[in-house]
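Protein sequences appear in the order of chains A and B. When we follow this note's numbering, the leftmost residue of the first sequence carries the number 446, and every step to the right adds one. When we follow this note's numbering, the leftmost residue of the second sequence carries the number 86, and every step to the right adds one. The beta carbon of each residue, even a glycine, is placed where N, CA and C say it ideally should be.
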Amino acid sequence: MITTTAIESTAELTDQERLQAARLESVWREPRGWGWFKAVHHTTIGKRYAVTAFVFFGLAGLLAGGMRLQLAFPEAHILSNDLYNQFFTMHGSTMMFLFAVPMMFEALSVYLVPLMVGTRNIAFPRLNAYSYYLYLFGGLMFYVAFLCNTGADRGWFSYVPLAGPDYGPGKRPDFWAQLITFTEVSGLAVAVEIVVTVFKLRAPGMSLNRIPIFVWGQVVTAFMVIFSLPGVVLSSTMLLLDRTCNTQFFNPAVGGDVLLFQHLFWWFGHPEVYIIFIPGTAVISTIVTTFSRRHVFGYLVLVLSLVATGFMAFGLWVHHMFATGIPQIAESYFTAASMMIAIPTGAQIFCWIATLATGKVVLKTPMWWAIGFFFVFIMGGMTGIFVASVPVDLQVHDTYFVVAHFHYVLIGGAVFPLFGAIAYWFPKVTGRMMSEKLGQATFWLFFIGFNITFFPMHLVGLRGMPRRVYTYPANMGWTTLNQIESLGYVLLFIAVCLLLVNVSRSLRHGAPAGSNPWKAGTLEWATMSPPPHYNFLHLPTVNGREALWDAAPNQPVVVGLDEDVRSFLMTRSLDAEPDTRDEFPRPTIWPFLAAVATSIAFIASIFTPWGITLGAIPVAITMIGWFWPDRQPAEHRRTREIWQSE
Amino acid sequence: MIIAAVPGFPGNQTSLNPVGPGAGRIEGEFALIFWITAIVYCLVLIALIVYVARRRHSMSDIPEPMPTTPQSDRWAKVAVSGAMVVTVLLLFTMMIGSFVTGHALGNMNRQTAYTIDVYAHQWWWEVQYPNDEPYKTVVTANEIHVPLGVQLRIHGTSRDVIHSFWAPNVQGKRDLMPGYDTDVMMQIDQPGRWRGQCAEYCGEQHAHMSFYMVAEPNHQFQQWLEQQAQSSIAPSTPQTVHGQQVFLSHACVMCHTIRGTPAGSRVGPDLTHLASRATIAAGLLPNTIGNLGGWILNAQALKPGCSMPPNQMTGSDLQDLLAYLGTLK
């Protein structure tokens, strides 16, 4: 049965295909009702990640509103110092650990990567479900603690000794440390899934040099997660041990070292920035390609830039610590390394501009966000050169100049691409188009609001205003600029509300999207919108970098997979030639139960070290349930193979 | 170096108004990077706008993808390669500038420098002027008097959490960390009161941890130093005698020193010459009788979380105490 990968929509199906679709649906469908907790399909989990991360984005955004209100007036008492310190810590921690990474890496890659490489589910789907619940429970714990006036208040970095047992009384830093554990376990799990999905589950023909750039971006990110996250898990665990078990890792009085924490933290913390914006640049590559109506210019350069950024990210962590006073030779090395990171980033930007300059530019909402990205992200990159130079950094470090810099980098590098991605993939995820008019209005409001909020921060920082201050004197020349920033926040707030209005209206009244409304080239557009639980009726094969644009007139599809079990095709890592068949596990409640047990252990360990020891028992029990051999699919296969051999 | 070619700001806590060679050199490097990046930014975005406008597809439909060949991309290849070469050259320029500046800052002469010790506390600055004869060592707080045009070595560390010593008009910041000693070299060439502030988040009152560097001609500085080395003046009127009694019989003595009296604790700022300082509470309030009275009665209302406890005393006791403290010039 050889058909082409012509665009599928139920209307065009033959009777035979309808029958096949019904069979696949019955095998792959997600359980309903209480079965909600059993779901394992990557589109289901990906959507949950996205919605949860967006809720946390909203919460952190509201906290930012509180801070802007407090800073709108000098020596104001709208927020107490204690509340303000909790607000900025919660804002930073939430944005980094509960929004940016879960959204840009976990949500986008879990939903899109399996579709883009043309397979039926993500590798290790039960682990995927487990990682989502851990992330959710970690976030809930963090906010419940905040509502009980135990919100973290030592900054998103929680430097020792300020967060240590002597100067951080109560349980606030402990909740922060365990939030790290929750989100990092979940991030590491997804990273492993993505690496395996991309290297083993690609559609036949999708050799390494045909992998979509978006997928390259996510795979580089996944490797960075695997290498960097252990650093912060280690530092936050040592902090927790200092706090609960009286270890003295960071106590200088008995030979501990306060700088050790910073080295471990920034070993993670710097790659973290790239973990957040590499998926963003990968989104930009995708949008620029689709809306320039041509293959991206410099595919190889773009991929190598992503990989180079991934490697170099691990050589710059000390540039967050220039003010600690480091030897001149180390200063020179880290300055050079920090400036060199501009080379791969610059290469990407020039390639995108070359793509636009030689294509036909279609100005739909996603493309507007991409253009906004250029304005904002490049500005962030330019101010990055200031902070890479040690002498200049000594003046701007820990001032509002840096606050402006990293909001330009992170909002430019993650939120602009994200909002572009929402506009771009919403039709795929929901089957309905978003409103163009509202979309562009949102863009302009957000773009203008963003610059009004954050541009003056450069100036106020150069005028000497440090970060993380809950108030400031009236006579410093900072007041007007702060008030302008606070006004800009109002525009940002309205823009995000407008986005939500657009989403909720389009969910119900949006025009039907069809399978490929943007006439894009990657594989997620080869299936229905929204994709069925089996992803593709006919598993595709690939003939070029843009699978749909480069498809041969009679492009073959994959045949020979069992349709009565969740079978899938594994391909070889380099050339994606078919290798073996295997089966995905079915939906089950165990990952959810395991996540509950793990959460209990983690949360209990905040209060007593026995939390881990005793908490390990229920974790072990649920894991046994999870991995209990499930013989049914194997039986199926054996019966079938016997039949076929006869 | 292109000095002062960036928009200035006439403040007393800003890197844009340098008053010493340290901040001055940094401003030069800042200006170099500012101009290069500003021009590059404008050029890149103009290119973007021009191309988007020129290549814009004006119909509402989405056209079919265009075929591309190595030939059609040839000029783009040349342009991108050219842009990369320029990028690398500019980055090297800024990097070399940074090395030169860093080298100059690192090589300020340590040997002949005048040393001042700074100890950071949550949330105030203890300042010591060491002397070979220990009894002449001057201890003060939050106000660092320095001689004009003299090479200074600020030797610092922290007594609790990590703080950062930063007076941007004078020099870049340096973290003061428990367990580490550090030296920052600086020099001030303009008389005045240059404000500094803690630049590393250090807890509840990080926002209220400022200090002043008071730069004055050398003879004036020496005079000040000599005066600060004296013990406090014994109270002479009945009111101030009683005020001293109040000081010594309340919680004040648990934390503060007034040289020349039995009060000798080092937890809080040394008050021997309190009245000679222009501000109290690490730059939070001007040193007036009213502010000082409010501070003594309920510091927690002014600087919540600080170590100074509320003190209950009668109005007349407070009056006398303030009168006594007012004599501590």
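Inter-residue Cα distance where the pair is residue i and residue j
i, j, result
"Gly922(A)", "Phe820(A)", "28 Å"
"Lys809(A)", "Trp963(A)", "9 Å"
"Gln308(B)", "Gln404(B)", "31 Å"
"Met86(B)", "Gly105(B)", "Only weak support exists for where Met86(B) lies, its pLDDT of 36 falling under 50; the value from the coordinates is given anyway. One C-alpha to the other measures close to 16 Å."
"Met446(A)", "Val1004(A)", "In this predicted model, Met446(A) has a pLDDT of only 29, less than 50, meaning its place in the structure is not dependable; the value taken from the coordinates is given anyway. When rounded, the distance between both Cα atoms is 7 Å."
"Val664(A)", "Leu751(A)", "10 Å"
"Tyr915(A)", "His764(A)", "26 Å"
"Thr449(A)", "Leu705(A)", "The predicted model places Thr449(A) with a pLDDT of 33, which falls under 50 and marks its position as unreliable; any figure quoted below should be read in that light. Their Cα atoms are separated by approximately 58 Å."
"Ile88(B)", "Asn97(B)", "In this prediction, Ile88(B) has a pLDDT of 42, which is less than 50 and means its spatial position is unreliable; nothing more can be read from the coordinates."
"Glu717(A)", "Asp355(B)", "44 Å"
"Ala384(B)", "Asn396(B)", "9 Å"
"Trp813(A)", "Leu883(A)", "12 Å"
"Asp838(A)", "Gly700(A)", "30 Å"
"Asp245(B)", "Ala205(B)", "8 Å"
"Gly791(A)", "Asn192(B)", "34 Å"
"Leu904(A)", "Leu937(A)", "20 Å"
"Pro323(B)", "Lys414(B)", "18 Å"
"Gln461(A)", "Met561(A)", "26 Å"
"Val269(B)", "Ile247(B)", "16 Å"
"Phe518(A)", "Gly596(A)", "24 Å"
"Leu458(A)", "Val874(A)", "21 Å"
"Ser107(B)", "Gly826(A)", "Per the sequence presented here, residue 107(B) reads as Gly, with Ser not at that position. So the alpha carbons of these two residues sit roughly 26 Å apart."
"Ala166(B)", "Asn254(B)", "According to the sequence as given, residue 166(B) is Ser; it is not Ala. Each residue's Cα considered, the two are about 41 Å apart."
"Ala802(A)", "Ala833(A)", "31 Å"
"Val641(A)", "Ala552(A)", "17 Å"
"Phe296(B)", "Pro276(B)", "16 Å"
"Ile1057(A)", "Leu607(A)", "25 Å"
Proximal chain A residues relative to residue i, where beta-carbon distance stays under 7 Å
i, result
"His291(B)", "Arg913, Val914"
"Leu190(B)", "Pro836"
"Tyr126(B)", "Ile823, Met824, Met827"
"His142(B)", "Lys805, Val806, Val807"
"Cys287(B)", "Leu607"
"Arg351(B)", "Correct list: empty, because the minimum Cβ distance to chain A is about 17 Å."
When the options are compared against residue i, the one with the closest alpha-carbon
i, options, result
"Gly281(B)", "Thr1016(A), Phe550(A), Pro918(A)", "Pro918(A)"
"Gly817(A)", "Ile786(A), His765(A), Trp889(A)", "Trp889(A)"
"Gly933(A)", "Phe892(A), Asp995(A), Thr972(A), Ala971(A)", "Phe892(A)"
"His487(A)", "Phe532(A), Asn526(A), Ser525(A), Leu572(A)", "Leu572(A)"
"Met144(B)", "Arg617(A), Val806(A), Leu528(A), Thr986(A)", "Val806(A)"
"Val299(B)", "Asp402(B), Cys391(B), Ile273(B), Leu190(B)", "Ile273(B)"
"Gly511(A)", "Val677(A), Phe587(A), Val935(A)", "Val935(A)"
"Glu114(B)", "Asn216(B), Asn254(B), Gly187(B), Trp251(B)", "Gly187(B)"
"Glu218(B)", "Thr412(B), Leu407(B), Ala314(B)", "Ala314(B)"
Per-residue contacts from residue i into chain B (C-beta, under 7 Å)
i, result
"Trp994(A)", "Pro150"
Listed by chain order, chain A residues near residue i by CB distance under 8 Å
i, result
"Asp355(B)", "Within 8 Å Cβ-Cβ: nothing; Asp355(B) doesn't reach chain A, min ~23 Å."
"Leu101(B)", "Leu907, Arg908"
"Glu114(B)", "Ser834, Pro836, Val837"
Inter-residue CB distance, residue i and residue j (contact presumed, cutoff 8 Å)
i, j, result
"Gly865(A)", "Ile721(A)", "With a Cβ gap of about 15 Å, Gly865(A) and Ile721(A) do not count as contacting."
"Ser680(A)", "Leu624(A)", "At roughly 13 Å, the Cβ-Cβ gap does not stay under 8 Å, so Ser680(A) and Leu624(A) are not in contact."
"Phe550(A)", "Phe502(A)", "Their Cβ separation, rounded to whole angstroms, is 14 Å, which puts Phe550(A) and Phe502(A) out of contact at 8 Å."
"Ile407(A)", "Ala815(A)", "This structure cannot speak to residue 407(A), because chain A is shown only from 446 to 1091."
Residues that residue i contacts on chain B, provided the C-beta gap is smaller than 9 Å
i, result
"Leu458(A)", "Neighbours of Leu458(A) on chain B: none; closest Cβ ~25 Å, over 9 Å."
"Phe742(A)", "Thr153, Asp158, Ala161, Lys162, Val165"
For the region 813-825 of chain A, which residues have a beta carbon sitting closer than 9 Å to at least one beta carbon of chain B? Correct list: Ile816, Phe819, Phe820, Ile823, Met824.
Under 8 Å (Cβ pairs) to chain B, residues found in the region 512-543 of chain A: From the region 512-543 of chain A, only Ser525, Asn526, Asp527, Asn530 have a Cβ closer than 8 Å to chain B.
Chain A contacts from the region 235-266 of chain B (Cβ-Cβ distance under 7 Å): Against chain A - using a Cβ distance shorter than 7 Å - the residues of the region 235-266 of chain B are Asp245, Val246, Ile247, Ser249, Pro253, Gly257, Lys258, Arg259, Asp260, Met262, Pro263, Gly264.
Using a beta-carbon distance cut-off of less than 7 Å, what residues from the region 710-740 of chain A approach chain B? Hits within the stretch, in order: Arg738, Arg739, His740.
Could you list the residues in the region 608-621 of chain A with a C-beta less than 7 Å from some C-beta on chain B, going in chain order? Going along the region 608-621 of chain A in chain order, one finds Tyr612 with a Cβ nearer than 7 Å to chain B.
Residues of the region 745-772 of chain A with Cβ closer than 7 Å to any Cβ of chain B, in chain order: Within the region 745-772 of chain A, Ala768, Thr769, Gly770 place their CB atoms closer than 7 Å to a CB of chain B, listed in sequence order.
With 9 Å as the limit, tell me which residues of the region 389-412 of chain B have their beta carbon closer than that to any beta carbon of chain A; keep them in chain order. Listed by position, the residues of the region 389-412 of chain B near chain A (Cβ gap below 9 Å) are Pro389, Gly390.
Can you give me, in chain order, the residues of the region 774-786 of chain A that have a beta carbon less than 9 Å from any beta carbon in chain B? Those residues of the region 774-786 of chain A placed with their C-beta closer than 9 Å to a C-beta in chain B are Glu776, Ser777, Thr780, Ala781, Met784, Met785, ordered along the chain.
Mind listing which residues of the region 485-515 of chain A have their C-beta closer than 7 Å to chain B's C-betas, in chain order? For the region 485-515 of chain A, the beta-carbon criterion of a distance under 7 Å to any beta-carbon of chain B is satisfied by none of its residues.
Output, in sequence order along the chain, the residues in the region 960-972 of chain A whose CB is closer than 7 Å to any CB in chain B. Of all residues in the region 960-972 of chain A, Trp963, Lys964, Gly966 have a Cβ within less than 7 Å of some Cβ in chain B.
Scan the region 303-318 of chain B for residues whose Cβ lies nearer than 8 Å to a Cβ of chain A and list them as they occur along the chain. Using a CB distance below 8 Å, no part of the region 303-318 of chain B faces chain A.
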